[in-house]
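Residue numbers (UniProt numbering): 1 to 353.
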């Protein structure tokens with residue numbers, strides 16, 4: 001193999017390193033922008049990315065160990081890590097190698113394919129999580145509108161219940177007033193009946209006296225006209241009392257009918273009030289359920305935000321750990337490689353990355 005073979009290998013590895021780094025940077029950027037649904041899934045994604053990078057690095061290190069450079073001169077090939085970090089090809093020394101896998105690109109294809117499949121799977125999961133977050137936001141908005149509607153309905157039902165209670169109280173007051181009027185009418189009727197009984201007794205007594213005084217009728221003829229007038233007056237008063245009694249009885253019947261009607265209306269109002277109270281209680285229970293669902297949704301949203309912050313912090317820690325790892329790797333390479341880039345170019349490129 002000539003210098004061109006090893007140059008092709010370095011070009012391939014440099015391209016692969018840049019591609020892996022861009023894909024991983026894009027994946028991490030997407031993870032930071034899109035809020036994760038759970039910490040476990042996001043941690044799994046980050047761990048999978050780290051495992052993939054570690055696996056690829058281990059595989060490339062194994063290839064390097066399996067096929068070391070043939071030339072022991074100081075112009076030996078640069079390590080794979082320097083190639084992955086994009087070192088200049090013009091400053092790379094040339095050497096001959098007998099590596100058989102340089103032309104066997106099919107050995108590297110499964111690695112690229114597995115990494116592409118994993119990246120596609122992660123992107124699909126992120127899209128699903130974004131859709132789930134949007135759906136949760138829509139459901140929360142719907143729940144808020146339902147709470148507003150139920151609150152307005154509850155206010156309307158409360159107003160109807162208050163109106164029904166006021167009408168029931170008014171009906172009870174009117175029923176009590178009617179009962180008082182009926183009681184007064186009954187007292188008046190009883191008084192008229194007692195007067196009529198007294199008049200009847202007086203008439204009977206007068207008739208008895210007339211019967212007893214028949215023998216003296218001729219003697220008392222002068223008093224006959226006065227007694228006749230008194231009798232007529234008593235009969236007129238009796239008829240008037242009977243008329244008043246009939247009127248009072250009719251008023252009493254009308255009052256009874258009116259009272260019964262008001263009692264029926266009051267009973268219906270009470271039944272309607274009970275139904276409204278049952279509806280109000282059911283509405284209150286539904287409102288409590290909706291409020292509980294809204295509280296749970298708010299708590300879930302806060303939990304998701306907290307998990308997103310934890311994931312961002314862990315990603316930042318992973319980036320810092322990766323930068324420290326690369327810096328230590330560059331320091332190790334500079335200490336063991338006699339041909340280092342001038343003025344710490346490789347270290348500055350790692351820090352910039």
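The beta-carbon is built from N, C-alpha and C at its ideal position, and this holds for glycine as well.
The region 151-169 touching the region 265-276, judged by at least three CB pairs closer than 8 Å: yes
Distance between residue 155 and residue 144 (C-alpha atoms, nearest Å): Position 144 of the chain shown holds residue 144. Position 155 of the chain shown holds residue 155. Cα to Cα, the separation comes out at about 17 Å.
Within 9 Å, strictly: CB atoms of residue 234 and residue 199: Within the chain shown, the letter at position 234 stands for residue 234. Within the chain shown, the letter at position 199 stands for residue 199. The answer is yes: Cβ separation under 9 Å.
Rounded C-alpha distance that separates residue 285 from residue 134: Within the chain shown, the letter at position 285 stands for residue 285. Within the chain shown, the letter at position 134 stands for residue 134. Per the coordinates, the alpha-carbon of residue 285 lies some 28 Å from the alpha-carbon of residue 134.
Cβ separation of residue 185 and residue 248, assumed to be a contact under 8 Å, to the nearest whole Å: As a position in the chain shown, residue 185 is number 185, starting the count at 1. As a position in the chain shown, residue 248 is number 248, starting the count at 1. 6 Å between Cβ atoms; contact.
Rounded straight-line distance, which links the Cα of residue 280 to that of residue 315: Residue mapping note: residue 315 aligns to position 315 of the chain shown, counting from 1. Residue mapping note: residue 280 aligns to position 280 of the chain shown, counting from 1. Going from the Cα of residue 315 to the Cα of residue 280 covers about 52 Å.
Distance, residue 136 Cα to residue 130 Cα: Stepping through the chain shown from its first residue, residue 130 is reached at position 130. Stepping through the chain shown from its first residue, residue 136 is reached at position 136. So the two alpha carbons sit approximately 10 Å from each other.
Residues near residue 142 in its chain [Cβ-Cβ closer than 7 Å; skip 5 each side]: As a position in the chain shown, residue 142 is number 142, starting the count at 1. No residues qualify anywhere along the chain.
Spatial distance of residue 176 from residue 299 (CA atoms): Against the chain shown, residue 176 aligns to sequence position 176. Against the chain shown, residue 299 aligns to sequence position 299. Rounded to whole angstroms, residue 176 to residue 299 spans 56 Å at the Cα level.
Stretch-stretch touch, CB-based, cutoff 8 Å, three pairs: the region 189-203 with the region 290-298: no
Neighbour-count burial assignment, residue 192, 16 or more Cβ in a 10 Å radius: For the purposes of this step, residue 192 is identified with residue 192 of the chain shown, where counting begins at 1. The residue is buried, with at least 16 neighbouring Cβ atoms inside 10 Å.
Spatial distance of residue 117 from residue 48 (CA atoms): Translated into positions along the chain shown, residue 117 becomes position 117. Translated into positions along the chain shown, residue 48 becomes position 48. Roughly 12 Å between the two C-alpha positions.
Inter-residue Cα distance where the pair is residue 333 and residue 326: Reading the chain shown from its first residue, position 333 is the one you call residue 333. Reading the chain shown from its first residue, position 326 is the one you call residue 326. Roughly 10 Å between the two C-alpha positions.
Buried or exposed by the 16-neighbour rule on C-beta atoms within 10 Å, applied to residue 308: Working through the chain shown from its first residue, we reach residue 308 at position 308. By the neighbour-count criterion, in which 16 or more other beta carbons inside 10 Å mark a residue as buried, residue 308 falls on the buried side.
Assigned exposure category for residue 288 - 16 Cβ within 10 Å defines buried: Within the chain shown, numbered from 1, the residue matching residue 288 stands at position 288. Exposed.
As assigned by DSSP and simplified to three states, the class of residue 97: As a first step, residue 97 is located in the chain shown; it is residue number 97 there, counting from the start. With a pLDDT of 45 at residue 97, under the threshold of 50, the modelled position of that residue is not reliable, and no figure is offered here.
Rounded straight-line distance, which links the Cα of residue 178 to that of residue 268: For the purposes of this step, residue 268 is taken as the residue at position 268 of the chain shown. For the purposes of this step, residue 178 is taken as the residue at position 178 of the chain shown. Their Cα atoms are separated by approximately 18 Å.
Residue 356 versus residue 45: straight-line alpha-carbon distance, rounded: A query on residue 356 cannot be resolved here, the shown segment of the chain reaching from 1 to 353 and no further.
Length of the line joining the Cα atoms of residue 62 and residue 43: Here residue 62 is taken as the residue at index 62 of the chain shown, counted from 1. Here residue 43 is taken as the residue at index 43 of the chain shown, counted from 1. Approximately 28 Å, taken between the alpha carbons.
Residue 60, buried or exposed, once every other Cβ within 10 Å from all chains shown has been counted against 16: The residue given as residue 60 occupies position 60 in the chain shown. Looking at its Cβ environment, which holds 16 or more other Cβ atoms inside 10 Å, residue 60 is buried.
Assigned exposure category for residue 292 - 16 Cβ within 10 Å defines buried: The residue you call residue 292 lines up with position 292 of the chain shown. Under this definition residue 292 is an exposed residue.
Inter-residue spacing [alpha-carbon to alpha-carbon] between residue 140 and residue 282: On the chain shown, position 140 is the one that residue 140 refers to. On the chain shown, position 282 is the one that residue 282 refers to. So the two alpha carbons sit approximately 22 Å from each other.
Alpha-carbon to alpha-carbon, residue 331 and residue 312: Working through the chain shown from its first residue, we reach residue 312 at position 312. Working through the chain shown from its first residue, we reach residue 331 at position 331. Roughly 29 Å separates the two Cα atoms.
Environment of residue 171 [buried if 16+ CB atoms lie within 10 Å]: For the purposes of this step, residue 171 is taken as residue 171 along the chain shown, with counting starting at 1. Label assigned to residue 171: buried.
beta-carbon residue 156 near the ligand ATP non-hydrogen atom, thresh 8 Å: What this structure holds is no ligand at all, so the ligand ATP is not there to describe.
For residue 319 and residue 121, the rounded distance between their alpha carbons: Indexing the chain shown from 1 puts residue 121 at position 121. Indexing the chain shown from 1 puts residue 319 at position 319. Going from the Cα of residue 121 to the Cα of residue 319 covers about 22 Å.
Beta-carbon separation (whole angstroms), residue 187 vs residue 241, contact threshold 8 Å: Looking up residue 187 in the chain shown gives position 187. Looking up residue 241 in the chain shown gives position 241. Wrong, their Cβ atoms sit about 15 Å apart, outside the cutoff.
Distance between residue 190 and residue 181 (C-alpha atoms, nearest Å): On the chain shown, position 181 is the one that residue 181 refers to. On the chain shown, position 190 is the one that residue 190 refers to. Using only the alpha carbons, I get a separation of about 14 Å.
Straight-line Cα distance separating residue 328 from residue 321: Taking the first residue of the chain shown as position 1, residue 321 is located at position 321. Taking the first residue of the chain shown as position 1, residue 328 is located at position 328. Those two C-alpha atoms are separated by around 11 Å.
Cα-Cα separation between residue 161 and residue 266, rounded to whole angstroms: Within the chain shown, numbered from 1, the residue matching residue 161 stands at position 161. Within the chain shown, numbered from 1, the residue matching residue 266 stands at position 266. Their backbone Cα atoms lie some 14 Å apart in a straight line.
With 16 other Cβ atoms within 10 Å as the buried cut-off, status of residue 56: Stepping through the chain shown from its first residue, residue 56 is reached at position 56. Flag for residue 56 reads buried.
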